[in-house]
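Peer 1: Encoded as structure tokens, here's the structure I'll be asking about.
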Amino acid sequence: MSEQLESIEIIGARAHNLKNIDLTIPREQLVVITGLSGSGKSSLAFDTIYAEGQRRYIETFSAYARQFLGGLERPDVDKIDGLSPVIAIEQKTTSKSPRSTVGTITEIYDFLRLLFARAGEAYSYNTGEKMVSYSDEQIKNLIIEQFLEKRINILAPVIRARKGHYAELFQQIAKQGFVKVRVNGEIKDITPGMKLDRYKTHDIEIVIDRMVPSHDEDTHKRLAESIKTAMYHGENVMMVIEQEQQDVRFFSRTLMCPTTGISYQNPEPNLFSFNSPKGACEKCNGLGTIHEKKKKKIIPDPRISIAKGGLAPLGELKNSWMFKQLEAIGEKFGFKLTDPIEKIPEEAMDMMLNGGNERFTVKAKAAGVTKEYKIEFEGIAAFIKNQYDDNASASLRRWAKDFMDEVGCPECHGARLKKESLYFKINDKNIAELSTMDIAELTAWFQTLPQTLSEKQKVIATEILKEINDRLKFLMDVGLNYLSLHRSSKSLSGGEAQRIRLATQIGSQLVGVLYILDEPSIGLHQRDNERLINSLKSLRDIGNSVLVVEHDKDMIVEADYVIDIGPKAGRFGGEIISKGTPKALLNETTITAQYLSGKMAIPVPKKRREGNGKSIKLVGASGNNLKNVTAEFPLGKLICVTGVSGSGKSTLINETLYPILNAHIYDGVKRPMPYKKIEGLEHVDKVIDIDQSPIGRTPRSNPATYTDVFSEIRSLFTQTPEAMIRGYKAGRFSFNVSGGRCETCEGSGVRTIEMSFLPDVYVGCETCQGKRFNRETLEIRYKGKSISDVLNMTVDEAVDFFENIPKIYRKIKTIQDVGLGYITLGQQSTTLSGGEAQRIKLATELSKKDTGNTFYIMDEPTTGLHFEDIRVLMEVIQKLVDKGNTVLIIEHNLDVIKLADHIIDVGPEGGKGGGQILCVGTPEEVSKHKKSYTARFLAKELK
89 MSEQLESIEI IGARAHNLKN IDLTIPREQL VVITGLSGSG KSSLAFDTIY AEGQRRYIET
149 FSAYARQFLG GLERPDVDKI DGLSPVIAIE QKTTSKSPRS TVGTITEIYD FLRLLFARAG
209 EAYSYNTGEK MVSYSDEQIK NLIIEQFLEK RINILAPVIR ARKGHYAELF QQIAKQGFVK
269 VRVNGEIKDI TPGMKLDRYK THDIEIVIDR MVPSHDEDTH KRLAESIKTA MYHGENVMMV
329 IEQEQQDVRF FSRTLMCPTT GISYQNPEPN LFSFNSPKGA CEKCNGLGTI HEKKKKKIIP
389 DPRISIAKGG LAPLGELKNS WMFKQLEAIG EKFGFKLTDP IEKIPEEAMD MMLNGGNERF
449 TVKAKAAGVT KEYKIEFEGI AAFIKNQYDD NASASLRRWA KDFMDEVGCP ECHGARLKKE
509 SLYFKINDKN IAELSTMDIA ELTAWFQTLP QTLSEKQKVI ATEILKEIND RLKFLMDVGL
569 NYLSLHRSSK SLSGGEAQRI RLATQIGSQL VGVLYILDEP SIGLHQRDNE RLINSLKSLR
629 DIGNSVLVVE HDKDMIVEAD YVIDIGPKAG RFGGEIISKG TPKALLNETT ITAQYLSGKM
689 AIPVPKKRRE GNGKSIKLVG ASGNNLKNVT AEFPLGKLIC VTGVSGSGKS TLINETLYPI
749 LNAHIYDGVK RPMPYKKIEG LEHVDKVIDI DQSPIGRTPR SNPATYTDVF SEIRSLFTQT
809 PEAMIRGYKA GRFSFNVSGG RCETCEGSGV RTIEMSFLPD VYVGCETCQG KRFNRETLEI
869 RYKGKSISDV LNMTVDEAVD FFENIPKIYR KIKTIQDVGL GYITLGQQST TLSGGEAQRI
929 KLATELSKKD TGNTFYIMDE PTTGLHFEDI RVLMEVIQKL VDKGNTVLII EHNLDVIKLA
989 DHIIDVGPEG GKGGGQILCV GTPEEVSKHK KSYTARFLAK ELK
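Structure below.
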């Protein structure tokens, strides 16, 4: 093999902050790129290597196809050699749609649908018998065999158990030449004007033929014709009745119950899809839950009158159409709106809540003229339901939802599928039952399945089972054995979602591919790290190159080759400061090497805080997998919630505790998961949740606009003498509105030139030279700097520049304190790494005045952070707690856990095996616990 093919060679990479670097990366090895947050790791891995791989792939398409895809920008690099096809698995979260599940993302559910459609056996939902289907020839032979020399009627069922008078139907049947029909079990002649009682349910069959089957050729011919006609009119179902006995025998070309005659359509994969109208339960549309009106929410206190606001959706009495209608109902039933609701007659309450067909006379006065209207009252509960079902407005739907409860669908009981779909079985299990098993249980079931299949089923299922088993094995390998296929993807944690996507990719078993992963260990407990690393190694062993951007110690040590980028972050990074095997890295003097070798470390505090003696106590939390948990959160401390992935940490904090606090302090609308009670809310007066979502999705968003410091800077510029003379307002200094911005590039600083078959080219705006503002705006200067110069300053420079302006200084100083002094105020949010975006959010919250009774919640704030960045971040957090605030962190990183004052460990396993609080206390106390996985790793860390 030539030298060129054994490695990927990059020459002159300059994306973002990379300093024209040259690099050789060995192929078919596990390579880790590490370095401080913001040093240029993602710029190298994703914006250079992955972007070039994508661009080359799209260039293989025809010019015609490329114009629809939109071209990809050529990364800023001179040359890349030896690049294989590239697949990137980034930190993006999965779909938030309620229709997306673990089964649909991993494609296992798609293979299950195929398996049930091709190898499933149908059973009758009436009798439980196995369904049968026949060809026309088989039906003919069966009729001759069973009814030989007996008088029979051949019928085609057209109406089954439906109301109506059917006059038109009888007319239509007569026009087609038929003279008799069987109505509700009785054979009648069709007469002109014939009709039935429209309010009763009826069964109607057309009498196609009356005959005596025998073995002669004429009978065979006649019977074949009759079967064909009966099947046409009966939509592939026909009936045969012996005249003496009146016993009915059903025959069908599709699947049919031999006793009751119900038939199913022939199964196709979409019959088992809850996202298709063919398979979805009609009551809940395949969601498994429905919203029902809740009387207790509509009438919270029956002792209050309607006038005083007894009907919660309407509020207090006002001069509105709705109250006029209620007054009319009151007149009819003899009550006043000032009467307590409990005294109002039951019949009247039913009318007000559910409506009715009765018409009322309502008097309404308009322009001095009283008019009378005759109306039917819709009903308050019905109005709420209609608003929820039919209204496009999110706020109205949310309003309606407040008076409704989400309950399991009464028809499918959460299975999401139609009744027929659930009666196709393999080895006595339907597809919904398989979806609710956890992955470990499902894997075991599939291992034993081949022994229970018939020869025909084995032939059909072999390939499908191979695909399913491969994907299940990989979900087991990445530590997700506790999930089930029906688990909604929006309830997954960030780490789980990424590892599912990793499992989907690796399940495809491609060879010769370059995989690029962005911190796959996020949200993964140390216990499961080894499994993840082994999975990546197996990817490498079958002939792929694996490139991982990672800060995790275990991953760096286990890699074949490590590239360290630095020395610092932002414009002070972007250089390769060391490369080689992990052993060689330990001899270097870089920050990463010093942390790995133990020369640098985050010190364990000498003593833990006592807190302020107050606490919040959450009793009986039982959402998702929590097992009626009671948790106490001591205030004035740094609290860490730990436990293996999927043990219930996010359910306890993000889904239960945070919504309760948010609703108590800010009237938040998010509903908490079920719990019994909470005590101690009065000790907290502010709650702040800092999550991992990006801070802005457009290039116009930047740290200055997100932290709101740009508004203060613009106000400052309006107060300069020159701006006041010209009468400039704050809008003059915004690049998002007309007035002060450069109109050539509309304030973006670059112009996009569309090249129909080639990627769009971005060129600096020739009018403003990339400064975003017009000449007149740039003439306004503060301390010799224009508004454009300020946006191009790093945070470190801005802290010195604005030190005499407290409002601006406070906000910028907190960005510097969280370790982001290297970014510029005007840097596009889309170019910030995940760790940087989260720290800007943190800085925004820190710059607000804290009350000393604030409760901060952070979900894995160490995402995307290097050891040194964690040290800086934790110093800021410790200062917050020193002021009397409470900080709660959900975390797996031992460098954070060992700094906590109080640990709550959830476990012991993930999924069904978790949901209990194993141990609480200081790190020293928790590390002695026998059953906790966290305790084992923490004990090593504290030594």
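Here the sequence shown is numbered in the working numbering, starting from 89 and rising by one per residue.
Heads up, the beta-carbon is just placed ideally off N, CA and C, and yes, glycines get one too.
#1: Could you pull the DSSP bridge partners for H990 from this structure?
#2: Using the beta-carbon count (16 or more within 10 Å), is S90 buried or exposed?
#3: Determine, using beta-carbon pairs with one atom in the region 677–689 and one in the region 704–721, whether at least three such pairs fall under 8 Å.
#4: Taking the straight line between their C-alpha atoms, what separation do you get for T678 and G123?
#5: Taking S221 and S340 to be in contact with their CB atoms under 8 Å, please state how far apart those CB atoms are, rounded to whole angstroms.
#6: Alpha carbon to alpha carbon, what distance is there between D648 and R115?
#7: Nearest by alpha-carbon distance to N105: which of L132, D490 and L202 is it?
#8: Mapping DSSP to helix, strand and coil, what is Q333?
#9: Just tell me which of Q807, G611, P390 and R820 has its CA closest to the CA of S735.
#10: May I have the straight-line CA-CA distance separating Q142 from L635, to the nearest angstrom?
#11: According to DSSP, which residues form a beta bridge with H290?
#12: Leaving out the 5 sequence neighbours to the left and right, which residues in its chain are closer than 8 Å to F266 when beta-carbon positions are compared?
#13: Would you list the one or two residues that DSSP bridges to Y603?
#14: What separation, rounded to the nearest whole angstrom, lies between the Cα atoms of D428 and K396?
#15: Starting from the N-terminal side, write out each stretch of the alpha helix (DSSP H) that is 4 residues or longer and does not extend beyond the region 779–849.
#16: Less than 8 Å between the beta carbons of V495 and I329, yes or no?
#17: Relative to the C-alpha of H574, which residue among V601, V772 and L200 is closest?
#18: Could you name the residues that DSSP lists as bridge partners for E97?
#19: Note down, one range per segment and in chain order, each alpha helix (DSSP H) of at least 4 residues found wholly within the region 602–677.
#20: If you draw a straight line from the alpha carbon of Q92 to that of I630, how long is it in whole angstroms?
#21: Let me know if R802 comes out buried or exposed under the rule of 16 or more other beta-carbons within 10 Å of its beta-carbon.
#22: Spatial neighbours of K765 within its chain, please: CB distance less than 6 Å, with the 5 preceding and 5 following residues excluded, ordered by chain position.
#23: Ignore the nearest five residues each way along the sequence and tell me which others in F204's own chain have a CB closer than 6 Å to its CB.
#24: Within the continuous beta strand (DSSP E) that includes T377, where are the two ends?
#25: Going by Cα to Cα distance, which pick from L343, F890 and S935 is closest to K871?
#26: Run the CB neighbour count on Y352, radius 10 Å, all protein chains shown included, and call it buried at 16 or more, exposed below.
#27: Relative to the C-alpha of R615, which candidate in D642, T550 and T806 has its C-alpha closest?
#28: Quick one: what does DSSP say I261 is sitting in, helix, strand or coil?
#29: What number of angstroms, rounded off, separates the C-alpha of E147 from the C-alpha of P163?
#30: Within this structure, are the beta carbons of S666 and D652 separated by less than 8 Å?
#31: Is DSSP giving L425 helix, strand or coil here?
#32: For the alpha helix (DSSP H) that contains R485, what are its first and last residues?
#33: What is the rounded straight-line gap between the Cα of Y944 and the Cα of H501?
#34: Determine the contact status of R927 and L976, defining contact as a CB-CB distance below 8 Å.
#35: Helix, strand or coil: how does DSSP classify G595 here?
#36: Helix, strand or coil: which one does DSSP assign to M89?
Peer 2: On the basis of the supplied data:
#1: I727
#2: Per-residue confidence for S90 stands at a pLDDT of 43, beneath the threshold of 50, marking its modelled position as unreliable; the derived number appears in the next sentence. Exposed, by the Cβ-count rule.
#3: no
#4: 9 Å
#5: 6 Å
#6: 11 Å
#7: L132
#8: coil
#9: G611
#10: 16 Å
#11: R250
#12: I278, I294, V295 and I296
#13: I175 and V634
#14: It should be pointed out that residue 428 corresponds to Pro in this sequence rather than to Asp. Answer to the nearest angstrom: the Cα atoms are 9 Å apart.
#15: 791–794, 797–806 and 809–814
#16: no
#17: L200
#18: T112 and D169
#19: 614–629, 641–646 and 670–674
#20: Since pLDDT at Q92 reaches only 45, below the 50 mark, its modelled position is unreliable, and the value read off the structure follows with that caveat. Taking the straight line from one Cα to the other gives about 20 Å.
#21: buried
#22: V707
#23: F360, F512 and I519
#24: T377 to K381
#25: F890
#26: buried
#27: D642
#28: helix
#29: 14 Å
#30: yes
#31: coil
#32: A482 to K489
#33: 39 Å
#34: no
#35: helix
#36: Caution is warranted here: a pLDDT of 40 is assigned to M89, below 50, making its placement in the model unreliable, and no coordinate value can be reported.
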